[in-house]
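Read through the structure below, which is laid out as structure tokens, and then see the notes.
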Amino acid sequence: MTEDRFQDLLSRLLDDELTETELDELARLAAERPERVGELRGQLQMADRLSQYEDELRSEARFLDALDARLAAESPQDDFVDRAVRTVQQGDASFPSVQVTGERRRRLANYPLAAGLVVAVAAFLVALVWNPEADHLPPSAEPGVAVLTRAVDVTWRDGQTHQPGTIICPGSLQLESGLIELSFGTGATVVIEGRAEVNIFSAEKLSLKQGRLWARVPDEARGFTVRTPEAEVVDLGTEFGVLVEPAGAAEVYVFDGFVEVAPGKGGTQRFAADEAVRVEAGQLRAIESDATKFARGAVASRRVELVEDFRQESLDPKKWRTILSRPQSRVEPADGAVHLINRSHLVTAAQFDPVTAGRLRVTGTFRFPTFGPHATFHTLEVVTRADGRTAGEYFKAASGIVFQFSTRVPIQGSMEGAHAQILTAGADFRITSPTVVGRLAFKHDASYRFEIVDDGLHLSATMTEVGNPANRVTVTATIVKDESDTNHVAFYGREQREEGKDLVVQLADLRITLGNP
Amino acid sequence: MTHAPERRTSVVFAQVICHIRRPRDTVYMMAVPEKHERSAFREIVAEHHVSLRAFIRTLGVDPEWVDDLAQETVVIAYQEIGRLDVVQDLGKWLRGVARNVIRNETRKHARRQRILHKGLSELLLEDAETGPTPLEQSRLSALRDCVEQLPKRSRQLVSGRYADGWTAADLATQLDMTAAAVRQTLLRIRNRLKQCVETRVAEDT
Chain A
97 MTEDRFQDLL SRLLDDELTE TELDELARLA AERPERVGEL RGQLQMADRL SQYEDELRSE
157 ARFLDALDAR LAAESPQDDF VDRAVRTVQQ GDASFPSVQV TGERRRRLAN YPLAAGLVVA
217 VAAFLVALVW NPEADHLPPS AEPGVAVLTR AVDVTWRDGQ THQPGTIICP GSLQLESGLI
277 ELSFGTGATV VIEGRAEVNI FSAEKLSLKQ GRLWARVPDE ARGFTVRTPE AEVVDLGTEF
337 GVLVEPAGAA EVYVFDGFVE VAPGKGGTQR FAADEAVRVE AGQLRAIESD ATKFARGAVA
397 SRRVELVEDF RQESLDPKKW RTILSRPQSR VEPADGAVHL INRSHLVTAA QFDPVTAGRL
457 RVTGTFRFPT FGPHATFHTL EVVTRADGRT AGEYFKAASG IVFQFSTRVP IQGSMEGAHA
517 QILTAGADFR ITSPTVVGRL AFKHDASYRF EIVDDGLHLS ATMTEVGNPA NRVTVTATIV
577 KDESDTNHVA FYGREQREEG KDLVVQLADL RITLGNP
Chain B
4 MTHAPERRTS VVFAQVICHI RRPRDTVYMM AVPEKHERSA FREIVAEHHV SLRAFIRTLG
64 VDPEWVDDLA QETVVIAYQE IGRLDVVQDL GKWLRGVARN VIRNETRKHA RRQRILHKGL
124 SELLLEDAET GPTPLEQSRL SALRDCVEQL PKRSRQLVSG RYADGWTAAD LATQLDMTAA
184 AVRQTLLRIR NRLKQCVETR VAEDT
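From first to last, the protein sequence lines stand for chains A and B.
So the first sequence is numbered by the numbering used here: it starts at 97 and just counts up by one.
So the second sequence is numbered by the numbering used here: it starts at 4 and just counts up by one.
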């Protein structure tokens, strides 16, 4: 009799839930016989191994990355290069180059310099000495300054070859054609498009003798400098592009923040977002935005693409499609919100392609109104690049990049409190292991604001408690493989409650924007 | 052999790099640059984390907190390793650190505990010290082979339970079974997998 009771408690410990009193009882029954403790340990061990094997959130890569972040926090020295190399090299052997196909490949090649360009010029002068003769390279025995994180259709000149994952040392890089991305230890990301000739002096400074270069420089890396034959471009925490013609004339486009441009003769001028300047024969000249220089077509300012307040009695079929995976699934507009009930999907009728059109941003608020003792596991998934289909016995999104917000902490350890996660669905995508910034204390009765950014390459998901902006978490990842050509945005309530009761994810204030800010 | 104190950790990790290339858990001396320490450590952890995480679960830790406590264990190990002269068996040593971490957990205020039940963890900790050594197989490959050979229905239960995180009650509704039957089946599946893995490991060695 007690044996049966022990077995019953054991199996519920493993696969259901036990109350505190039942746990007391289990501990007491187990203590009676050593073989019961042995069985308990054996079952727990296999349960955990199975969970490690099956649960993608507990994969080796994720565990080790989380551990790495924790170790890094414990020992402050900078091992950026090691970390970045690992990020790039993880995954299977097919990783080493970015995998893109067909149409996507061409568009991807045009992506980096394709940010919004509107020109006006503001100017003020600061004297600064510029001496192009001072160009000389430090010895290559210096430690690495950056990691080559992507290479698309690259032909190297002078027999050079660098695979993604290679540490870049100070020295020269020459591209006949194609596109590379470098991630510097300082945090700066630089994309260079061939034909290009670059000399890297340090993590803060490089020269571009010819070619096109786009840089995104975080505040910590302010002062990042690009020398061209005609001018020196000093970043002040921003995003900008530089184009150097074979004869040496340069054009500088500021997409965000400020840069200073110091021509060889004359003073430094400062330029703000949406300004551009041409430097030729030592003279600065404001130039018009000419988006056609960049293959993607200009998106001068943020374009609002879809705003939905759910005030209509029914969903607008021009905007939305729904997928009801089960008889009990429903999507119901509900007075300024929409309820995704029992595994239903809300999918945009339109497509939003961040690769061709620039940054895709999806924002909104959500809450889990049916959260309770018997339905603790609620999950909202927002999917970009979705194909609008479902797959598998749980009717998840079939293909796309999945930004997940859940009552359940998906990854523990340094990911503790994350509640947000970035995953992929289908075989068309692969991303780096997500990194978590911040920590969210989950409150079941709170509303949360989410913000998702997919700029074609970099992904981020932020979850913030409404009314308490300090309670937030951000997860980021980078795309390393993209073979998809569908671009719907989908919202999916992932769970279903048993016994005829509904499990509801409530969404409101949806806004989808496409195009660079 | 003596080293300046600040170099100590470095030297031990130099040994550790060597360790991972040796068939047994014996540590050898080898000089490597300090900056590779952490990535070397990561490689060691890659060898041991599967057993370590499962071991931590067997101490009665809340499944949601297993990885967190495993990471805590490794961070402590990383800090402590410099104090050791020679590490004979890293898996055993990590389990020792883990036991201390969990024991500490049982002493915390109940609301902050990451274990399921104080009495249960105390019992399991005691057994972990005196009882038989757990399955030490470091990778999941044997388990993978065994899981992928399960009959369809069992395979479905395993992925529903572990990949999707459904409870037995959830699975019962979906698969038109009773919750008790789901739980019984899962108990049997785990026993069967344990035997299967043990057989495979024995065959390999």
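All residues carry an ideal CB built from backbone N, CA and C; glycine is no exception.
Just so it is clear, the structure is predicted and the values come from calculations on it, not from any experiment.
CB contact flag (residue i, residue j, <8 Å)
i, j, result
"G63 (chain B)", "D120 (chain A)", "no"
"F464 (chain A)", "T528 (chain A)", "no"
"A514 (chain A)", "V571 (chain A)", "yes"
"L275 (chain A)", "V248 (chain A)", "yes"
"L73 (chain B)", "D111 (chain A)", "Strictly speaking, residue 73 (chain B) in this sequence is Ala, with Leu absent from that position. Contact flag unset, no."
"L143 (chain B)", "R137 (chain A)", "no"
"I105 (chain B)", "L128 (chain B)", "yes"
"A157 (chain A)", "T531 (chain A)", "no"
"V479 (chain A)", "G496 (chain A)", "yes"
"D70 (chain B)", "R56 (chain B)", "yes"
"I518 (chain A)", "A542 (chain A)", "no"
"N438 (chain A)", "L599 (chain A)", "yes"
"T324 (chain A)", "L304 (chain A)", "yes"
"E341 (chain A)", "A372 (chain A)", "no"
"G611 (chain A)", "V601 (chain A)", "no"
"V241 (chain A)", "I296 (chain A)", "yes"
Local conformation of residue i per DSSP, three classes
i, result
"R158 (chain A)", "helix"
"K301 (chain A)", "strand"
"L160 (chain B)", "helix"
"D581 (chain A)", "coil"
"P359 (chain A)", "strand"
"T334 (chain A)", "coil"
"L275 (chain A)", "strand"
"D173 (chain B)", "helix"
"R191 (chain B)", "helix"
"Q306 (chain A)", "strand"
"P530 (chain A)", "coil"
"F102 (chain A)", "helix"
"Q148 (chain A)", "helix"
"Y490 (chain A)", "coil"
"P266 (chain A)", "coil"
"V53 (chain B)", "helix"
"E135 (chain A)", "helix"
"V350 (chain A)", "strand"
Residue span of the beta strand (DSSP E) that contains residue i, given as start and end
i, result
"E384 (chain A)", "From DSSP, E384 (chain A) is part of no beta strand (DSSP E); its letter is neither H nor E."
"R526 (chain A)", "525 to 527"
"I575 (chain A)", "564 to 578"
"E132 (chain B)", "No beta strand (DSSP E) holds E132 (chain B); the alpha helix (DSSP H) holding it covers 121 to 133."
"A604 (chain A)", "600 to 610"
"N295 (chain A)", "285 to 296"
"A372 (chain A)", "372 to 376"
"V443 (chain A)", "440 to 444"
Cβ-based burial, residue i [other Cβ within 10 Å; buried from 16]
i, result
"E328 (chain A)", "buried"
"H474 (chain A)", "buried"
"P266 (chain A)", "buried"
"T466 (chain A)", "buried"
"A123 (chain A)", "buried"
"T364 (chain A)", "buried"
"V533 (chain A)", "exposed"
"M142 (chain A)", "buried"
"A343 (chain A)", "exposed"
"G432 (chain A)", "exposed"
"N107 (chain B)", "exposed"
"M97 (chain A)", "exposed"
Alpha helix (DSSP H) segment containing residue i, residue limits
i, result
"D120 (chain A)", "116 to 128"
"W96 (chain B)", "93 to 109"
"T418 (chain A)", "Careful: T418 (chain A) lies outside any alpha helix (DSSP H), inside the beta strand (DSSP E) at 416 to 420."
"T257 (chain A)", "No alpha helix (DSSP H) holds T257 (chain A); DSSP gives it neither H nor E."
- Message: Short of 9 Å Cβ to Cβ, which residues in the segment 174 to 206 of chain B face chain A?
- Response: Those residues of the segment 174 to 206 of chain B that come within reach of chain A (Cβ to Cβ, closer than 9 Å) are L174, A175, T176, Q177, A182, A183, V185, R186, Q187, L189, L190, I192, R193, N194, L196, K197, V200.
- Which of the residues in the segment 118 to 152 of chain B, read from start to end, lie with their CB under 7 Å from any CB of chain A? Result list: L119, H120, G122, L123, L126, L127, D130, G134, P137, L138, L143, L146, R147, V150.
- Query: Using a beta-carbon distance cut-off of less than 7 Å, what residues from the segment 146 to 165 of chain A approach chain B?
  - Reply: Within the segment 146 to 165 of chain A, the residues whose Cβ lies closer than 7 Å to some Cβ of chain B are L146, S147, Q148, Y149, E150, D151, R154, E156, F159, L160, A162, L163, D164, listed in chain order.
- Task: May I ask you to list, following chain order, the residues of the segment 121 to 143 of chain A that have a beta carbon less than 8 Å from some beta carbon of chain B?
- Result: For chain B, the residues of the segment 121 to 143 of chain A that bring a beta carbon within less than 8 Å of one of its beta carbons are L122, A123, R124, A126, A127, P130, V133, G134, L136, R137, G138, Q139, L140, Q141, M142, A143, in chain order.
- Chain-ordered residues of the segment 156 to 168 of chain B with a beta carbon less than 9 Å from chain A: Under the 9 Å Cβ criterion, the segment 156 to 168 of chain B contributes Q159, V161, S162, G163, R164, Y165, A166, D167, G168.
- Message: Please list, in chain order, the residues of the segment 445 to 476 of chain A that have any C-beta partner in chain B closer than 8 Å.
- Response: Cβ contacts with chain B come from F473.
- Item | Within 8 Å of chain B by C-beta, residues of the segment 421 to 444 of chain A in sequence order | Within the segment 421 to 444 of chain A, no residue has its Cβ closer than 8 Å to any Cβ of chain B.
- Could you run through the segment 99 to 119 of chain A and flag, in chain order, every residue whose CB is less than 9 Å away from some CB of chain B? Of all residues in the segment 99 to 119 of chain A, only Q103, D104, L106, S107, R108, L109, L110, D111, D112, E113, L114, E116, L119 place a beta-carbon less than 9 Å from a beta-carbon of chain B.
- Task: Note down, in chain order, all residues in the segment 488 to 499 of chain A with a beta-carbon under 7 Å from any beta-carbon belonging to chain B.
- Result: Residues Y490.
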